[in-house]
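What follows is one structure encoded as structure tokens, with my remarks underneath.
Residue numbers (my numbering): 33 to 395.
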């Protein structure tokens, strides 16, 4: 992953290169940005630059390049370390650098399990970084999603972050920096990365993935600057179809006030696993937004929903208006927050569906 392969983020790239050229590389960086903005590819590109951009670094096999990332326990009763998943990690990064937790769970075989960076990982990190650089240069530790650090692991890393060994660079990559321990954040130099522009996503889809312009425009619009979400749209139609089915079912059941069936709907969504639940809630927000906008333009200009979604919008859009759109979006955001905080999913989704009974009738 070279700097010229990073989509957008020119300001952050120039800053990192300038600090390197001036010999002012911070010993602990935190790249902060939403999923799909390119924060992890940028971290890897910078690490490879620090390590000399050689073949080992390009293959993510350089002996002085280390990673920590959320994992699950393969077997109970004994510690599980990130290195046990390093093959899958390298494969995903090399083949699909713009990915999110959803792709990582699939690649690592996590199913619906919760992924964290376990307390024991701190000992592995300390051991790796205590060794001398094998190449006589930098040692780099990339921690993807430090918000997933077990508190014990995070606390053990504090001193190492504050006073790392000579020529050791930590690069933390966070999608939710407000959930990272303050004591960790205070020891890093934070660089905030914005969402990609719709134009950047659209042009990448056309140039690199050979998507037709009209379809690229639709995907870019629906992905809201998230390259990982855009790529899901072209590689996993079955997942999008599932979210569409669930969305349509909820709206129809809420309108008909079929409480028993809504409870069954909530149980079904609750069985999908946290990451897919969050992805569905994001999809639902996009659908509410697009249906609201649909009311204000000619139907033949609607080119950012799929054919099925657009067909559904013809009759559904009038139910999303200035009287309820903010309330629905607020409830979706609250549901996202609760799912992210591990609140009981059955309660979250059933509660949301009940609120939709009132909101969907508010015309």
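We treat Cβ as the ideally placed atom computed from N, Cα and C, and that holds for glycine.
CB-CB length for residue i against residue j, believed under 8 Å
i	j	result
residue 411	residue 152	The first residue shown for the chain is 33 and the last is 395, placing residue 411 beyond what the model contains.
residue 349	residue 326	4 Å
residue 102	residue 177	6 Å
residue 305	residue 144	3 Å
residue 131	residue 262	12 Å between Cβ atoms; not a contact.
residue 237	residue 40	About 13 Å separates the two Cβ atoms, so there is no contact after all.
residue 124	residue 78	19 Å between Cβ atoms; not a contact.
residue 230	residue 170	Going by Cβ atoms, the distance from residue 230 to residue 170 rounds to 36 Å, so no, they are not a contact pair.
residue 297	residue 285	6 Å
residue 320	residue 352	6 Å
residue 342	residue 202	The pair is not a contact, with the Cβ atoms about 47 Å apart (cut-off 8 Å).
Delimiting residues of the alpha helix (DSSP H) encompassing residue i
i	result
residue 81	71 to 82
residue 249	245 to 255
residue 312	306 to 326
residue 218	Premise fails: residue 218 is in no alpha helix (DSSP H) and is neither H nor E.
residue 387	377 to 392
residue 300	291 to 302
residue 262	259 to 267
residue 239	230 to 241
Delimiting residues of the beta strand (DSSP E) encompassing residue i
i	result
residue 202	200 to 206
residue 223	221 to 224
Assigned exposure category for residue i - 16 Cβ within 10 Å defines buried
i	result
residue 134	buried
residue 55	exposed
residue 299	exposed
residue 52	exposed
residue 186	buried
residue 7	A question about residue 7 goes unanswered here, because the residues of the chain that appear run from 33 up to 395.
residue 335	Residue placement at residue 335 is flagged as unreliable, the pLDDT there being 47, under the threshold of 50; the coordinate-derived value follows with that caveat. So residue 335 ends up on the exposed side.
residue 197	exposed
residue 70	buried
residue 382	buried
residue 250	buried
residue 215	exposed
residue 328	exposed
residue 172	buried
residue 257	buried
residue 332	Low confidence applies here, because residue 332 scores a pLDDT of 48, under 50, leaving its location unreliable and the question unanswered by this model.
residue 111	exposed
residue 96	buried
residue 273	exposed
residue 224	exposed
residue 270	exposed
residue 65	buried
residue 73	buried
residue 150	buried
residue 288	exposed
Residue i - partner residues in DSSP beta bridges
i	result
residue 172	97 and 201
residue 103	148
residue 181	149
Secondary structure of residue i, DSSP reduced to three states
i	result
residue 49	helix
residue 360	helix
residue 437	Because residue 437 is not part of the residues shown, which for the chain are 33 to 395, the question remains open.
residue 346	helix
residue 372	helix
residue 130	coil
residue 212	coil
residue 115	helix
residue 33	coil
residue 167	coil
residue 41	coil
residue 10	With the chain running from 33 to 395 in the structure shown, residue 10 is simply not present.
residue 227	coil
residue 92	coil
residue 110	coil
residue 331	Unreliable positioning characterises residue 331 in this predicted model, as indicated by a pLDDT of 49, which lies under 50. A coordinate reading is not provided.
residue 273	helix
residue 142	coil
residue 157	helix
residue 135	helix
residue 338	coil
residue 194	helix
residue 353	coil
residue 67	coil
Proximity test, Cβ basis, 8 Å: residue i and chain D
i	result
residue 376	This model lacks chain D altogether, as it is built from one protein chain only.
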